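So for the first sequence, my numbering puts the first residue at 30; every next one is plus one.
We put the CB at the ideal spot given by N, CA and C, even for glycine.
For clarity, every value in this text was computed on a predicted model and none was experimentally measured.
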Amino acid sequence: MMTDEVRVRFAPSPTGYLHVGGARSALFNYLFAKRHRGTFILRIEDTDRNRFIEEAMREIYESLKWLGITWDEGPETEGSCGPYIQSERLEQYRTHAELLAAKGHAYRCFCSPERLATIRGEQEKKKGKLGYDGFCRTLSDREIQSRLASGMPYVIRFKIPSGRCVRFNDLIRGTIEYRSDLLDDFVLLKTDGYPTYHLANVVDDHLMRISHVLRGDEWIASTPRHVLLYEAFGWSPPSFAHLPIILSSNGGKLSKRKGAASVMDYKRAGYLPEALFNFLALLGWAPGEDREKMNPDEMIASFSIEQISPKASVFDEKKLEWMNGLYMAERPVASLTGEVVPLLREKGWLDETAPLDTRYIEKMVLLLRERSKRLSDLVAAAHYFFIDPVAYDEKAEKKYFPAEAADHLLLLDLGMRNCPDFTRNSLEELFRKLAESKGIPAGTLIHPARLAVSGVSFGPGLFELLETLGRERVLRRIENAVAHIRKKATARPTVHER
RNA sequence: GGUCCCUUCGUCUAGUGGUUAGGACACAGGAUUUUCAUUCCUGCAACAGGGGUUCAAUUCCCCUAGGGACUACCA
């Protein structure tokens, strides 16, 4: 090793959206790089032309940026080891595959997909070892030349050495051993000239001087192949750490069908990026000291691979909700308002022809923020700030809209009409005094008033709510409610309720 | 089938050869409040099972069970 510089990479393949499991891998790489003042690299592994999805690259970039995970080298930022998109490095892979062939560590294989399927079928029947049988290993030069001359398609396979014990150290689990005889001669370069993951990964990690490979634990079983590849090239392998997967609450994989799976799903569900960042970091990693809510700098300061658990963890959305609530509470109102406005527009609650009443929306956000766990909850609770209630919650109406409530509301209407400044304090004074003069509990006025202005029986403190809504809206809604109650009262005699 | 990985409250986890096995989320109860939410108390709840090693194992070793990954010209 020339240097002990930390260089890590997140290497997704653009086959779809960025899964939260992938995001967590990216996050751990990021935290580790920052912890050691190293370099975090983004590399796109697009060597499968069949599964490539154009849209996916953009979604990956967008998801990472939204989460606040920025890369030091990679697409869009570049760096000294580019290009960082594998389809732009095909020459590199071909050269290296040929190099291995020349050194006797690899060979051309002309076996047809049909033959491969046949031997595979037989192996399955015999329940023996699966994998390529090495048929083309022993082709003579003459046979190879004649097939090449006739334009027969071929792949380049790695020649697995026999009788070897392949050992590597996993920073999270310790030593892992495999017998090389269990491995088959895997493909390095495909018929179409693209490399397989194994080749591209090893070549790039070496060329990009990657010091630590932190990746999903589905790669454990492939690691001995990679180790053998490094050896064949004469390179020293990086350190490895395999991260456990993230499961859904039912113990299975996290999937779109069972709710959310991608980073953008969580954005759409109303979560804040800093909350998801914090939550994801704590899945499989714990800094000790019972600390949970941490900002990125704190996480970076205490991050270490040794503290990562080898155990798969369940994504507990309830806990994410709780944590999101904490971040909602500390987000500045102006910032939260910026997040909420587009969502209100989607709902069609904002008058697009009028100028945006930011002051009003900010006051609303201030009232709703502490009782919302997600942006979507806040928006869901915001309707009556823009739309007059057209109906009232049924149970609440039975409880808070008795016939005499109309008289109470009318008195309040009169009082509020004459209330000099319409602030929470004077409104509260008005309510309390009125209740006192009528000899009734203040709640007898408060509850019907809340229902009248909001249509529901819960929400912010009534007086600040009234102040925020403003006199005009409040009086209009109170009068609507009075009319509603009176209409119901006169209708009642003709209606037999059960 | 083969190989490999994993196993502390329901969930995320801390932890140690001798602890009342700690915290957080969730859940339940209570306090506060004009409602809801917040907040604050309190409670419930775990070392997968079986063998060893040891004066002593949740902790070290082995086995079993359960879960998972890989076993492609996918990553």
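| Check | Outcome |
| --- | --- |
| Rounding to the nearest angstrom, what Cα-Cα distance links Leu96 and Phe306 in this structure? | 6 Å |
| Ile201 and Pro339 - do their beta-carbons sit closer together than 8 Å? | yes |
| Using only alpha-carbon positions, find the residue among Met181, Glu107, Asp101 and Lys188 that is nearest to Ala131. | Lys188 |
| May I ask you to list the residues that DSSP assigns as paired with Asp450? | According to DSSP, which records beta bridges pairwise, Asp450 is partnered with nothing at all. |
| Thinking Arg186 and Tyr136 are a contact (beta carbons under 8 Å), I'd like their distance in whole angstroms, please. | 6 Å |
| Would you decide whether Gln115 is buried or exposed? Buried here means 16 or more other CB atoms lie within 10 Å of its CB. | buried |
| To the nearest angstrom, how far is it from the Cα of Glu321 to the Cα of Val394? | 26 Å |
| Are the beta-carbon atoms belonging to Ala481 and Leu474 less than 8 Å from one another? | no |
| Please determine if the segment 198–216 and the segment 153–165 are in contact, where contact requires at least 3 C-beta pairs separated by less than 8 Å. | yes |
| Let me confirm a value: Pro449 is counted as buried when at least 16 other C-beta atoms fall within 10 Å, else exposed. Which label applies? | exposed |
| Does the beta-carbon of Gly490 have 16 or more other beta-carbons within 10 angstroms, so that it is buried, or is it exposed? | exposed |
| According to DSSP, Cys194 sits in a beta bridge with which residue or residues? | Arg208 |
| Do Asp221 and Lys78 have their beta-carbon atoms positioned less than 8 Å apart in this structure? | It is worth fixing the name first, because residue 78 is Arg in this sequence and not Lys. Yes, the pair counts as a contact, with Cβ atoms nearer than the cut-off. |
| Which residue or residues does DSSP assign as beta-bridge partners of Gly108? | In the DSSP output, where bridge partners are listed per residue, Gly108 has none listed. |
| Using the C-alpha atoms, what's the distance from Asp170 back to Gly180? | 15 Å |
| Arg171 by DSSP, collapsed to three states: which one? | helix |
| Helix, strand or coil for Ser268, going by three-state DSSP, please let me know. | strand |
| So what does DSSP say about Ser342, is it helix, strand or coil? | strand |
| In whole angstroms, what is the alpha-carbon distance linking Ala55 and Ala250? | 21 Å |
| Which same chain residues, not among the five before or five after Glu34, have their C-beta less than 8 Å away from its C-beta? | Gly67, Thr68, Arg238 and Ser240 |
| Can you grab the Cα-Cα spacing for the pair His513 / Arg505, in whole Å? | 12 Å |
| Can you say whether Cys194 is buried or exposed, counting buried as having 16 or more other CB atoms within 10 angstroms of its CB? | exposed |
| According to DSSP, simplified to helix, strand and coil, what is Arg527? | With a pLDDT of 39 at Arg527, under the threshold of 50, the modelled position of this residue cannot be trusted, and the question is left open. |
| Using CA coordinates, which residue listed in Trp378, Arg515, Glu335 and Glu391 is at the minimum distance from Pro361? | Glu391 |
| On the DSSP bridge assignment, give the partners of Trp314 in chain order. | Ile337 |
| So Leu404 and Leu456 are supposed to be a Cβ contact under 8 Å. How far apart are they, rounded? | Between Leu456 and Leu404 the Cβ distance is about 29 Å, and since that is not below 8 Å, they are no contact. |
| If you follow the beta strand (DSSP E) that Ile70 is in, where does it begin and where does it stop? | Thr68 to Leu71 |
| How about Ala478 and Leu438: do their beta carbons lie closer than 8 Å? | yes |
| So which of Ala270, Thr106, Asp422 and Tyr223 has the shortest CA-CA distance to Thr204? | Ala270 |
| Would Leu71 and Tyr113 qualify as a contact pair, given that the criterion is a beta-carbon distance under 8 Å? | yes |
| Note down the Cα distance separating Met445 from Leu396, rounded to an integer number of angstroms. | 21 Å |
| Using the rule of at least 16 other Cβ atoms within 10 Å of the residue's Cβ for burial, across every protein chain shown, is Thr225 buried or exposed? | buried |
| Using only the alpha-carbon positions, how far apart do Glu381 and Arg502 sit? | 19 Å |
| Going by CA-CA distance only, name the one from Ser42, Arg36 and Leu47 that's closest to Ser284. | Leu47 |
| Bridge partners for Arg36 per DSSP, in chain order? | Thr68 |
| Got a sec, what are the start and stop residues for the beta strand (DSSP E) Phe415 sits in? | Where Phe415 is concerned, there is no enclosing beta strand (DSSP E), given that its DSSP letter is neither H nor E. |
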